[in-house]
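K.L.:
Position one of the sequence shown corresponds to residue 2 (our numbering), numbered consecutively onward.
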Amino acid sequence: MHNLFETLNTTSLLSDGAMGTQLILRGMTPADNSLLWNVDRSEDIAAVHQAYVDAGCRLLTSNTFQGSSTALEMHGLADRMSELNRAGASAAIQVAEASPDPVWVFADVGPFGGFLEPLGDTEPEELLEIFTGQFTALAAGGANVALLETMSDPEEVGIGIQAAKQVGNWPVACTYAYQKANGVFRTMMGTTVEAAIDRALEDGADIVGANCGTELSLDDYRALADELLKAADGKAPVILQPNAGAPRRENGEAVYDATPADMAQLATDCVDRGIKIVGGCCGTTPAHLAAMSTAIL
């Protein structure tokens, strides 16, 4: 196992792109739960991971974004939480270990789907148990970097970091999702970039940044990169995983217009600014990531 931080000291790394859209291309329907594919269609999950490795990605994200017991409960799958998360991590790690280049696997944990007290009825101790359970299953599947992604509440992030560090001695990354209003980037909970990153660093995050975003243009992501770097202030590597531009609706579906060349230029601009891990989120494909890889690596 190569040391991630030693690698980041000498080069930038490319993380992968969207998973959901690739599974839809392989036949997943709105009625399907993507985590079930980790068991029932594991060859398809592995094929998506392999496509990203072939594109030059060195960080894969397990197909477990909505894999907490609370998220799975809505689909009647809470009792299979450990199985489905282990399988998701295992599918990614098998592809990673077969690569001739070092490839790490993010243990992907998304928002738990509710709100902490006093906005909601979930107590911090309960959430710690939820996150600990998911990270434990992901670690058992072989994932070697903990990831809290698409977050909006710093309190939730803090509890997630605590859970990840209780589970294992592995790097912990966290990424927030931002929107822009009146020229200011904020999370859905109204938290600024500076406040969100400061809190994550205080709670022990080893890598900080952003993924996704609401109606953000590619230039918005460039500006967001600057704010993330300023907030991190050299205390931790910064990761940015932008969407392929702001989506538009066409025949009831979201369409992302950024081309591979557009994303390659964005990746170059981000790395030139000091972003250490760049990747993609909604709307990005292996073709986008391959162009980004050629541009930055």
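The beta-carbon is built from N, C-alpha and C at its ideal position, and this holds for glycine as well. Just so you know, these numbers come straight off a predicted model, no measurement behind them.
In whole angstroms, what separates the C-alpha of residue 86 from that of residue 66?
P.N.:
Taking the sequence shown and counting its residues from 1, the one referred to as residue 86 is at position 85. Taking the sequence shown and counting its residues from 1, the one referred to as residue 66 is at position 65. If I take the Cα positions, the gap works out to 9 Å.
K.L.:
Rounded to whole angstroms, what is the Cα-Cα separation between residue 136 and residue 129?
P.N.:
Indexing the sequence shown from 1 puts residue 136 at position 135. Indexing the sequence shown from 1 puts residue 129 at position 128. Cα-Cα distance, rounded: 11 Å.
K.L.:
Quick check: what's the CA-CA separation for residue 100 versus residue 126?
P.N.:
Residue numbering aside, residue 100 sits at position 99 when the sequence shown is read from its first letter. Residue numbering aside, residue 126 sits at position 125 when the sequence shown is read from its first letter. Going from the Cα of residue 100 to the Cα of residue 126 covers about 39 Å.
K.L.:
Should residue 208 and residue 232 be called a contact, given that it needs their Cβ atoms to be closer than 7 Å?
P.N.:
For the purposes of this step, residue 208 is identified with residue 207 of the sequence shown, where counting begins at 1. For the purposes of this step, residue 232 is identified with residue 231 of the sequence shown, where counting begins at 1. No.
K.L.:
What does DSSP give as the partner residues of residue 16 in its beta bridges?
P.N.:
Indexing the sequence shown from 1 puts residue 16 at position 15. Answer by DSSP bridge pairing, in chain order: 60.
K.L.:
With DSSP collapsed to three states, give me the class of residue 191.
P.N.:
As a working note, residue 191 is residue 190 in the sequence shown. Correct three-state label for residue 191: coil.
K.L.:
Might you give, ordered along the chain, the residues of its own chain that have their beta carbon closer than 6 Å to the beta carbon of residue 285, omitting 5 neighbours on each side?
P.N.:
As a first step, residue 285 must be located in the sequence shown, where it is residue number 284. Closer than 6 Å at Cβ, skipping near neighbours: 18, 19, 245.
K.L.:
Have a look at residue 73 and residue 79 and give me their C-alpha separation to the nearest angstrom.
P.N.:
Indexing the sequence shown from 1 puts residue 73 at position 72. Indexing the sequence shown from 1 puts residue 79 at position 78. Distance between the alpha carbons of residue 73 and residue 79 is about 5 Å.
K.L.:
Can at least three beta-carbon pairs, one atom from the region 19-28 and one from the region 46-66, be found at a separation below 8 Å?
P.N.:
The region 19-28, when compared against the region 46-66, does touch it at the 8 Å Cβ threshold.
K.L.:
Determine the DSSP secondary structure at residue 276, reduced to helix, strand or coil.
P.N.:
Stepping through the sequence shown from its first residue, residue 276 is reached at position 275. In the structure shown, residue 276 sits in coil (DSSP, three-state: anything other than H, G, I, E or B).
K.L.:
According to DSSP, simplified to helix, strand and coil, what is residue 120?
P.N.:
Within the sequence shown, numbered from 1, the residue matching residue 120 stands at position 119. If DSSP states are grouped into helix, strand and coil, residue 120 belongs with coil.
K.L.:
Candidates 253, 98, 156: which alpha carbon is nearest residue 118's?
P.N.:
In the sequence shown, the residue the question calls residue 118 occupies position 117. Looking at the Cα atoms, 156 is the closest of the given residues.
K.L.:
Taking the beta carbon of residue 174 as the centre, do at least 16 other beta carbons fall within 10 Å, making it buried, or is it exposed?
P.N.:
In the sequence shown, residue 174 corresponds to position 173, counting from 1. Residue 174 comes out buried.
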